[in-house]
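Peer 1: Right, I'll just put the structure down here and ask away after.
In my numbering, the protein residues as written are 240 to 418.
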């Protein structure tokens, strides 16, 4: 008397097919979202307007994002940096009151990254800042945005194209493989 697993495999075949289609669909959806809908805009804990700060008051990007010129990450300003002005300026506004609550409780503001790259990506802000590349080249006209929105896909092909268009000499090793 022989035992066959074929009947069991026939039963599992539709479930396996659904699983594979589901995984392929998830990856395709992620890719399509990143490629065709780059306008990522998470809801932030404080409604911070770059239009007011960088636009109206012309505060340079690196005043708040001080790490950009010396680190791979641009960083976000500490609550202390914000309170330096807002201890005196616009203190009656609801969003400034939220800021002051973080200050009083000694909590960092839990900002949500808009321009969040995968962990395996090495992107040195400092090299781009030192090369005098405008922040707006990648981040868009943030000085006009009340709510910062990701306007570029920030995927390897997009970065590669920028390097090729601008005839960047650094990173040629990368371009050897990533054509």
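Think of the CB as a built atom: it goes at the ideal place given N, C-alpha and C, for glycine as much as any other residue. Note that this is a predicted model, so its numbers are computed, not measured.
#1: When burial is assigned at 16 or more other CB atoms within 10 Å of the CB, is residue 287 buried or exposed?
#2: Exposed or buried, what is residue 370 when buried is set at 16 or more other beta-carbons lying within 10 Å of its beta-carbon?
#3: Excluding five sequence neighbours on each side, which residues of the same chain lie with their C-beta closer than 7 Å to the C-beta of residue 290?
#4: Ignore the nearest five residues each way along the sequence and tell me which others in residue 307's own chain have a CB closer than 6 Å to its CB.
#5: Please tell me whether residue 322 and residue 342 are closer than 8 Å, where the distance is taken between their beta carbons.
#6: Within 10 Å of its beta-carbon, does residue 389 have 16 or more other beta-carbons around it, so buried, or fewer, so exposed?
#7: Comparing C-alpha positions only, which one of 354, 407, 394 and 360 sits nearest to residue 280?
#8: Taking the C-alpha atoms as reference points, what is the distance between residue 266 and residue 251?
#9: Rounded to a whole number of angstroms, what is the C-alpha to C-alpha distance between residue 317 and residue 298?
Peer 2: In terms of the structure at hand:
#1: buried
#2: exposed
#3: 382, 383, 384 and 385
#4: 301, 313, 364 and 368
#5: yes
#6: buried
#7: 354
#8: 23 Å
#9: 16 Å
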